[in-house]
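Have a look at the structure below before the remarks.
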Amino acid sequence: MANILITGGAGFIGQNLVHTWRKTRPDDRLTVIDAMTYAANITSLEPLIESRQINLVKGSITDGALLRDLFDQHQFTRVAHLAAESHVDRSIEDPEAFLTTNVLGTFALLKASLDFWRANKLLEQSRFLHVSTDEVYGSLSAHEPAFCETTPYRPNSPYAASKAASDHLVRSFEVTYGLPALITNCSNNYGPYQHPEKLIPLMIIHALEGKALPIYGDGSNIRDWLHVSDHCEALIAVIERGHVGETYNVGGGNEQNNRNVVGLICETIDRAFAKDSKLKDRFPACPAADDRSCRSLITFVTDRPGHDHRYAINATKLANELGKRCSVDFAAGLEQTVRWYIENEAWWRAIISGSYRTWIEKNYGNRSAV
Ligand code: NAD
Ligand code: TDX
């Protein structure tokens, strides 16, 4: 039995991690701290909160006094740090929040963990897992080898730079103070509970609603898609069995360019409508409701500034040292994800009806078709 703190547990990966942890390690005591930004959603956590299977604290990781109180009260010996501002396009519009949360917030959390573990002589048995991204390594050309743990850092967006800074802080706390920290750098996640601002849910929801599918640039940019369930299993393996001071890359082994991803989403939705006639009544604006392909909605729009061309992860260290291999097939995972968004319409409608509309106008309003 361990006392665990999960930061950002009301976000996309955080919610999935909470559910995986709860199911697989029923004796651990879980506390989630989350600032409840626009990206948070506690609908899926509510049953766990009500039945006291998790403890949810609404607060910011930048609040050192709050963190100190939580450590004193709950005696955490494991921290899984996921809280972050996470959307690249928002970091281009307004980088400040990224520095505040991703850099200063990570610093406050490192300090609170170190102070508590030192004072209580818990350094040896404790673990601090910092969840980071492949974007810190920059961009690959078509033929370069995939990122490995020793690839030099070359972040290109304010988001990536803020995550790189946080990785460096974590490393420095491990080397200088002996904080028992580990870092994971993973590729693009997809799956249930992902905020509609990100590529895959955005395209699924727009297709269902008969709205344009805005692909940035020519759509040749490549991402390595990782199902969130594989990612969560890898995170638990690293925090429980990883070697302190080490970095582990986590990737799906599924490199796809954005045109292919959007095309696959369209085909998956077309097939779902062909199989289930009730979908035509539920989503009448979707082209598939008139037996046309969702592909007719694809639009190429002004590119993202500084758009990284390709990310790819070499995950052999994770497989060799910890025996964890990512196993979800991309087409199967995408089909399951499309089904999840179809079945959970109320979940995403509640998000897209609020302040999200302002973001859509800001990010897409001035992008002309190319
Ligand atoms: P997300 O944006 O869906 O969730 C982030 C959560 O952090 C939200 O619930 C938000 O309210 C919370 N948060 C933000 N600022 C906070 C603060 N100051 N204090 C406490 N909570 C705060 O992000 P995600 O996609 O779930 O990503 C989780 C982590 O994984 C992030 O660190 C991200 O950088 C990293 N990551 C994500 C991906 C991906 O594809 N989604 C890939 C690589 C790495
Ligand atoms: O409308 C869009 N059109 C489009 O073509 C959006 C939202 C995205 N894209 C492109 C940009 C990227 O090439 O799709 C690709 C994926 O975009 P995002 O979903 O915004 O992800 P990305 O920028 O790759 O970053 C993600 O992976 C690494 C996460 O958001 C980060 O948190 C993570 O660190």
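Going letter by letter, the sequence shown gives residues 32 to 401 in this note's numbering.
All C-beta atoms in this analysis are idealised placements derived from N, C-alpha and C, irrespective of residue type, glycine included.
The structure presented is a predicted model; accordingly, all values stated were derived computationally and were not measured.
- Query: Where in the region 252-297 do unbroken runs of the alpha helix (DSSP H), each at least 4 residues long, occur, reported from the N-terminal end onward?
  - Reply: 259-272
- Item | DSSP state of aspartate 65 mapped onto helix, strand, coil | strand
- Hey, is the region 306-323 in contact with the region 331-340, meaning 3+ C-beta pairs nearer than 8 Å? no
- Query: Looking at C-alpha atoms only, which residue of Arg356, His274, Pro183 and Gly282 is the closest neighbour of arginine 158?
  - Reply: His274
- Query: Applying the criterion that 16 or more other CB atoms from any shown protein chain within 10 Å of the CB defines a buried residue, is proline 183 buried or exposed?
  - Reply: exposed
- Message: By alpha-carbon positions, which one of Ser197, Ser122, Phe204 and Glu392 ends up nearest to threonine 137?
- Response: Ser197
- Please report the Cβ distance between valine 134 and histidine 161, rounded to the nearest whole angstrom; I am assuming they are in contact, meaning their Cβ atoms lie under 8 Å. Going by Cβ atoms, the distance from valine 134 to histidine 161 rounds to 12 Å, so no, they are not a contact pair.
- Query: Skipping 5 residues on each side, what residues in its chain have a beta carbon closer than 7 Å to that of leucine 244?
  - Reply: Met234, His237, Ala238, Val293, Leu328, Ile329 and Thr330
- Query: Is DSSP giving histidine 105 helix, strand or coil here?
  - Reply: helix
- Message: According to DSSP, is arginine 302 part of a helix, a strand, or is it coil?
- Response: helix
- Query: Can proline 245 be considered in contact with the ligand TDX, in the sense that its beta carbon sits closer than 7 Å to one or more heavy atoms?
  - Reply: yes
- Message: Tell me whether lysine 194, by its Cβ, gets closer than 7 Å to a heavy atom of the ligand NAD.
- Response: yes
- asparagine 280 beta carbon less than 8 Å from that of isoleucine 216: First, the amino acid is wrong: residue 216 is asparagine here, not isoleucine. Result yes, Cβ atoms of asparagine 216 and asparagine 280 sit closer than 8 Å.
- Can at least three beta-carbon pairs, one atom from the region 220-231 and one from the region 360-373, be found at a separation below 8 Å? yes
- Message: Going by DSSP in three states, histidine 118 sits in which element: helix, strand or coil?
- Response: coil
- Tell me, please, which residues DSSP counts as bridged to phenylalanine 331. Ile246
- Inter-residue spacing [alpha-carbon to alpha-carbon] between alanine 210 and phenylalanine 204: Per the sequence shown, the amino acid found at residue 210 is leucine instead of alanine. Leucine 210 and phenylalanine 204: Cα-Cα distance of roughly 6 Å.
- Within its chain, find whatever has a CB closer than 6 Å to the CB of arginine 60; leave out the 5 residues flanking it on each side and keep chain order. Asn34
- Item | Rounded straight-line distance, which links the Cα of isoleucine 300 to that of arginine 169 | For the sequence presented, residue 169 should be read as glycine rather than arginine. Distance between the alpha carbons of glycine 169 and isoleucine 300 is about 33 Å.
- Can you give me the Cβ contacts of threonine 74 inside the same chain, cut-off strictly under 7 Å, excluding the 5 residues immediately before and after it? Trp378
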